[in-house]
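In my numbering, the protein residues as written are 4 to 97.
Glycine included, C-beta positions come from ideal geometry on N, C-alpha and C.
Scroll down for the structure; my scribbles are underneath it.
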(Lines of atoms letter the chains of each structure in order from A and count residues from 1; the text may use other names and numbers.)
(Lines give C-alpha, C1' and ligand atoms only; values in the text may rest on other atoms or scores of the structure.)
Protein backbone atom coordinates (compact mmCIF):
# COMPACT_ATOMS: atom_id res chain seq x y z
CA UNK A 1 0.00 0.00 0.00
CA UNK A 2 1.25 3.49 -0.84
CA UNK A 3 1.42 6.45 1.52
CA UNK A 4 -0.64 8.62 -0.83
CA UNK A 5 -3.86 7.73 -2.57
CA UNK A 6 -3.54 8.59 -6.26
CA UNK A 7 -6.19 10.70 -7.98
CA UNK A 8 -6.04 11.64 -11.65
CA UNK A 9 -7.62 14.82 -12.98
CA UNK A 10 -9.71 14.79 -16.13
CA UNK A 11 -6.94 16.74 -17.92
CA UNK A 12 -4.39 14.12 -16.89
CA UNK A 13 -6.55 11.25 -18.15
CA UNK A 14 -7.00 13.01 -21.49
CA UNK A 15 -3.25 13.66 -21.81
CA UNK A 16 -2.41 10.08 -20.78
CA UNK A 17 -4.45 8.71 -23.68
CA UNK A 18 -1.91 10.34 -26.02
CA UNK A 19 1.05 8.43 -24.57
CA UNK A 20 -0.42 5.16 -23.30
CA UNK A 21 0.33 3.44 -26.63
CA UNK A 22 4.05 4.06 -25.98
CA UNK A 23 4.86 1.34 -23.46
CA UNK A 24 8.27 2.85 -22.56
CA UNK A 25 6.76 6.23 -21.65
CA UNK A 26 3.79 4.66 -19.92
CA UNK A 27 6.05 2.41 -17.83
CA UNK A 28 8.36 5.30 -16.92
CA UNK A 29 5.39 7.47 -15.92
CA UNK A 30 3.97 4.70 -13.73
CA UNK A 31 7.36 4.27 -12.05
CA UNK A 32 7.52 8.00 -11.21
CA UNK A 33 3.92 8.11 -9.95
CA UNK A 34 4.52 5.10 -7.68
CA UNK A 35 7.64 6.77 -6.26
CA UNK A 36 5.65 9.94 -5.59
CA UNK A 37 2.81 7.93 -4.04
CA UNK A 38 5.32 6.24 -1.71
CA UNK A 39 6.76 9.66 -0.80
CA UNK A 40 10.15 8.71 -2.25
CA UNK A 41 12.54 11.40 -3.44
CA UNK A 42 12.91 11.42 -7.22
CA UNK A 43 16.35 11.20 -8.79
CA UNK A 44 17.88 14.49 -9.99
CA UNK A 45 17.28 13.53 -13.63
CA UNK A 46 13.55 14.18 -13.11
CA UNK A 47 14.18 17.84 -12.13
CA UNK A 48 11.38 17.75 -9.54
CA UNK A 49 10.59 21.29 -8.36
CA UNK A 50 7.96 23.67 -7.04
CA UNK A 51 6.12 25.86 -9.50
CA UNK A 52 5.33 29.55 -9.09
CA UNK A 53 2.68 32.05 -10.10
CA UNK A 54 -0.73 30.52 -10.81
CA UNK A 55 0.78 27.09 -10.13
CA UNK A 56 2.43 27.94 -6.79
CA UNK A 57 0.65 25.08 -4.98
CA UNK A 58 1.91 22.50 -7.48
CA UNK A 59 5.09 20.64 -8.33
CA UNK A 60 6.46 19.53 -11.67
CA UNK A 61 8.82 16.79 -12.71
CA UNK A 62 10.27 15.88 -16.09
CA UNK A 63 9.42 12.32 -17.10
CA UNK A 64 11.39 12.98 -20.30
CA UNK A 65 12.84 16.32 -21.46
CA UNK A 66 9.60 17.21 -23.26
CA UNK A 67 7.14 15.26 -21.10
CA UNK A 68 6.25 16.96 -17.84
CA UNK A 69 4.04 15.86 -14.97
CA UNK A 70 2.30 18.50 -12.85
CA UNK A 71 1.15 17.18 -9.50
CA UNK A 72 0.11 18.19 -6.01
CA UNK A 73 0.43 16.36 -2.72
CA UNK A 74 -2.31 17.16 -0.25
CA UNK A 75 -0.71 16.33 3.09
CA UNK A 76 -3.88 16.64 5.14
CA UNK A 77 -5.77 13.96 3.22
CA UNK A 78 -2.75 12.13 1.78
CA UNK A 79 -3.81 12.34 -1.84
CA UNK A 80 -1.34 12.60 -4.71
CA UNK A 81 -3.23 14.42 -7.44
CA UNK A 82 -1.75 14.11 -10.91
CA UNK A 83 -2.94 17.30 -12.55
CA UNK A 84 -1.66 17.20 -16.11
CA UNK A 85 0.87 15.66 -18.45
CA UNK A 86 2.39 17.09 -21.60
CA UNK A 87 5.14 19.16 -23.14
CA UNK A 88 6.11 22.54 -21.71
CA UNK A 89 4.27 24.39 -24.48
CA UNK A 90 1.12 22.30 -23.97
CA UNK A 91 1.08 22.89 -20.22
CA UNK A 92 2.20 26.50 -19.98
CA UNK A 93 1.04 28.17 -23.19
CA UNK A 94 0.25 31.81 -22.74
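Using the Cβ count rule (16 or more neighbours within 10 Å means buried), how would you classify residue i?
{"i": "residue 89", "result": "buried"}
{"i": "residue 40", "result": "buried"}
{"i": "residue 87", "result": "buried"}
What residue range does the alpha helix (DSSP H) around residue i cover?
{"i": "residue 38", "result": "26-40"}
{"i": "residue 91", "result": "91-94"}
{"i": "residue 20", "result": "13-22"}
Give the range of the beta strand (DSSP E) segment to which residue i is assigned.
{"i": "residue 61", "result": "That residue, residue 61, is in no beta strand (DSSP E); it is neither H nor E in DSSP."}
Per DSSP, which residues does residue i bridge with? Please list them.
{"i": "residue 3", "result": "Given that the chain is displayed from residue 4 to residue 97, the structure contains no residue 3 and the question cannot be resolved."}
{"i": "residue 74", "result": "62, 85"}
{"i": "residue 67", "result": "70"}
> Counting Cβ pairs, one atom from each stretch, are 3 or more of them under 8 Å apart for the region 13-33 and the region 67-80?
Replying inline: yes
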